[in-house]
């Protein structure tokens with residue numbers, strides 16, 4: 154019974170640490186996922202732009218006049 158009471162005392166700290174870890178973990182995962190998605194879309198966007206410029210006439214910089 155004494156062990157159980159001791160466990161009850163330390164459980165709150167464990168829970169708080171657990172939540173802090175979960176929050177930090179989710180933040181890290183979210184940052185990584187966001188960076189990955191950004192890199193992926195950026196790469197696709199660059200590819201798309203390059204393809205359009207190649208179709209237009211192999212110009213490195215897109216013309217200003219539309």
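In the numbering used here, the protein residues as written are 154 to 219. Backbone N, C-alpha and C define an ideal beta-carbon position, used for all residues, glycine too.
What's the gap between the Cα of residue i and the Cα of residue j?
| i | j | result |
| --- | --- | --- |
| residue 170 | residue 180 | 15 Å |
| residue 201 | residue 177 | 36 Å |
| residue 189 | residue 174 | 22 Å |
| residue 193 | residue 166 | 40 Å |
| residue 199 | residue 208 | 14 Å |
Taking 7 Å as the cut-off, is the beta-carbon of residue i closer than that to any non-hydrogen atom of the ligand SAH?
| i | result |
| --- | --- |
| residue 198 | Among the components modelled here there is no ligand, and therefore nothing to report on the ligand SAH. |
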